[in-house]
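S.K.:
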Amino acid sequence: MIIDLKTPLTAAELEQISELAIGVSSPAATNFELLPAPAGGRPAIVHKGQEPVAVWEYYDTRGRLDGYVCRFDTIASDGAVTKKIRPYRYGALNGEVCGFR
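Going by the working numbering, the first residue of the sequence shown is number 1, and it counts up by one from there.
1. Starting from I45, follow the beta strand (DSSP E) in both directions and report where the run begins and ends.
2. A37: buried (16+ other C-beta within 10 angstroms of its C-beta) or exposed?
3. So, under 8 Å CB-CB, Y90 and L35 are touching, yes? Tell me the CB distance rounded to an integer number of Å.
4. DSSP three-state call for A12: helix, strand or coil?
5. Quick one: is Y59 buried, meaning 16 or more other Cβ sit within 10 Å of its Cβ, or exposed?
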């Protein structure tokens, strides 16, 4: 999927991103609602016991923090490095604010 960063995302693109962010086939299946992230600094981000090696902030068209994209590196026993890129979005699950996922 190629996204033009100057053009707002379509509903289909938002759904694809949401699927990546929460790791399920459909946001509707979990009732996860994306919300604007609160001000006050970046939350502690840990994935499988690791802190990210890089974090990028993303903003919506109004300039509000929309979430983060984080890179995690894993080093295998043979020394090979594997990188994972994970989005972290703020939202509510089943109507209750659950924070970043």
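Each residue gets a CB set at the ideal place from its N, CA and C atoms; glycine is no exception. Keep in mind that this is a model prediction, so the values were computed, not measured.
M.R.: Once the coordinates are examined:
1. I45 -> no beta strand (DSSP E), and no H or E assigned at all.
2. Here A37 is buried: its Cβ has 16 or more other Cβ atoms, across all protein chains shown, within 10 Å.
3. Confirmed, Cβ separation roughly 5 Å.
4. A12: helix per DSSP, three-state reduction.
5. By the neighbour-count rule (16 or more Cβ atoms within 10 Å), Y59 is not buried but exposed.
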